Amino acid sequence: MHTELMRFHLSTTLLALITATPFAHATDLNPADNIQVGPRPYYLVEDMDAGQLKDELQHCGNQPFRKTDFSIGHRGAALQFPEHTKESYEAAARMGAGIIECDVYTHQL
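Residue numbers (mature numbering (1 follows the signal peptide of the UniProt record, and there is no 0)): -26 to -1, 1 to 83.
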């Protein structure tokens, strides 16, 4: 009985350590330091007519991205995930949105 209880505790502890390790490393990452906008902004800029704005935006693509209140995630990152989902809001934050806007709907009876 004592041996079985020890095996149970040992296996439970090992399982907890194995599953907790990836999460410990994931929390060390600061999304604000690792902004990723994905390919869509580059696609949109490439499709623009030639001009000063297009030139300036293309230059921005070579600069590091940072979180800013000027960037607003409307309903999260709706072009990548369904609107108003946890994944959409997290993606908007990962892409540098300083403000994440969500619609609120109230139904009056």
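Glycine is no exception: its CB is placed at the ideal position from the N, C-alpha and C atoms. Quick caveat, the model's predicted, so the values are computed rather than measured.
The C-beta of Ala65 has 16 or more other C-beta atoms within 10 Å across all chains shown, which makes the residue buried. Non-local C-beta neighbours of Phe39 in its own chain, meaning closer than 7 Å and more than five positions away in sequence, comprise Ile9, Val11 and Gly70, ordered along the chain.
The beta carbon of Arg49 sits closer than 8 Å to the beta carbons of Glu57, His58, Ser62, Glu75, Cys76 and Asp77 from its chain, once the five residues preceding and following it are set aside; these are given in chain order. A residue is called buried when at least 16 other Cβ atoms come within 10 angstroms of its Cβ; Ala51 meets this threshold and is buried.
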